Amino acid sequence: MANLQVTLAGLHLDNPVMLASGILDSTPGILRRMSKMKVGALITKSISIKPRPGYPGPTAVETTPGTWINAMGLPNPGLNEFVDEFSLTNGSVTIIPNLVADTPDEFAKLADAVAVAGAKIAEINLSCPHPKASYKGRLAAQDPRAAAEVVEAASTKLPIIAKLTPNVTDIGEIAVACARAGASAISAINTLAAIDIDPELERPILGNGYGGLSGAGIRPIGLRKVLDIVQALTAANLDTPVIGMGGICDADDVVRYILCGAHLVQVGTTLAGNPEQLSNITEGLADWMDRKGYQNLEDFRGRVLEWF
Ligand SMILES: Cc1cc2nc3c(=O)[nH]c(=O)nc-3n(C[C@H](O)[C@H](O)[C@H](O)COP(=O)(O)O)c2cc1C
Numbered sequence: 037m038a039n040l041q042v043t044l045a046g047l048h049l050d051n052p053v054m055l056a057s058g059i060l061d062s063t064p065g066i067l068r069r070m071s072k073m074k075v076g077a078l079i080t081k082s083i084s085i086k087p088r089p090g091y092p093g094p095t096a097v098e099t100t101p102g103t104w105i106n107a108m109g110l111p112n113p114g115l116n117e118f119v120d121e122f123s124l125t126n127g128s129v130t131i132i133p134n135l136v137a138d139t140p141d142e143f144a145k146l147a148d149a150v151a152v153a154g155a156k157i158a159e160i161n162l163s164c165p166h167p168k169a170s171y172k173g174r175l176a177a178q179d180p181r182a183a184a185e186v187v188e189a190a191s192t193k194l195p196i197i198a199k200l201t202p203n204v205t206d207i208g209e210i211a212v213a214c215a216r217a218g219a220s221a222i223s224a225i226n227t228l229a230a231i232d233i234d235p236e237l238e239r240p241i242l243g244n245g246y247g248g249l250s251g252a253g254i255r256p257i258g259l260r261k262v263l264d265i266v267q268a269l270t271a272a273n274l275d276t277p278v279i280g281m282g283g284i285c286d287a288d289d290v291v292r293y294i295l296c297g298a299h300l301v302q303v304g305t306t307l308a309g310n311p312e313q314l315s316n317i318t319e320g321l322a323d324w325m326d327r328k329g330y331q332n333l334e335d336f337r338g339r340v341l342e343w344f
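The sequence shown begins at 37 in my numbering and counts up by one.
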């Protein structure tokens, strides 16, 4: 029988399949429902210090079957209401808050507050690709020094997962900077910077204009970025675990990420119309391992690296 158990920063998880931030996780009720799935951990929607109302619609549109563009604007109730509403300690499944902020100090404040509220680990969103359409600066995850500064500030009270953007030339360099700054894990990829146009209305399809691409079509890009991260960490003698995501739709996709060296995975867009798929994916991974005669995830992790 396949053993799917994994450890993440000292936390024991039943399996390596996590719910990605932003999908089916914006209220305690939805998270409770998702905790009934065969899932290793649940990541919350990004939480900021002050409430954010989000962008005007349309905020999410399917561009080709299974592939979506979205610019939600990180709508969330803000830190205080989040801590009041979401129980981070009672559930049967580990809940991992995902944090978003503009400065290292704000990230530190968020991380300290969720640690006090009982979180055992937090993910920091360094990488949302669609700030307001007028924004022309760089994201923290597009600059190794800025990313490292945020990780250092946020990781004093609890372990931190640094979530990276694929919208860079060398994602490995950013991952190494975050790992050296104390990140307990690297997660990738957030959505790809994108736009789509409505030819009839002669305007961008999303209310915000710009958005981020997710779902089935981005999987090969996610795999490439995870491979780049794993190779860069290995070359730097760092054993920081990598959490792979982007376009995972079934158990074969999880296998693909683990073969590229991922320790865990997150699943997002594909669940929007079918939450139960999360359990199917975990069961399918165990079936695949049984069929292949693998007992542990380590038995096949990183196999694809031998090709390079
Ligand atoms: C509707 C939507 C909302 C999202 N919101 C967040 C968010 O609040 N914070 C975050 O870090 N990532 C967010 N993401 C990115 C996902 O967590 C994930 O990185 C990305 O969608 C790739 O995985 P997928 O192809 O399985 O969806 C969001 C994605 C979608 C589709």
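Every residue, glycine too, gets a C-beta built ideally from N, C-alpha and C.
Remember, predicted model here, so these are calculated numbers, not experimental data.
Asked                                                                                                               : Found
On the DSSP letters alone, give me the boundaries of the alpha helix (DSSP H) that A198 sits inside.                : First-last for A198: I196 to K199, but that is the beta strand (DSSP E), not the alpha helix (DSSP H).
Can you tell me which of R337, R68, G90 and T130 puts its alpha carbon nearest to the alpha carbon of I294?         : R337
Would you list the one or two residues that DSSP bridges to R88?                                                    : N112
DSSP three-state call for G258: helix, strand or coil?                                                              : helix
Should T139 be labelled buried (16 or more other beta-carbon atoms within 10 Å of its own) or exposed?              : exposed
Using the Cα positions of I233 and G248, report the straight-line distance between them to the nearest angstrom.    : 13 Å
Shorter than 7 Å, the distance from the beta carbon of M73 to the closest heavy atom of ligand 1, or not?           : no
Under 8 Å by Cβ, that's how I've got A38 and D326 pegged, so tell me the actual separation to the nearest angstrom. : 5 Å
Are the beta-carbon atoms of L194 and A155 separated by less than 8 Å?                                              : yes
Assuming T227 is part of the beta strand (DSSP E), what are its boundary residues?                                  : Unbroken run through T227: none, as it is neither H nor E.
Among the candidates L162, L333 and V97, whose CA atom is the shortest distance from the CA of G251?                : V97
Classify T318 as buried or exposed, calling it buried when 16 or more other Cβ atoms lie within 10 Å of its own Cβ. : buried
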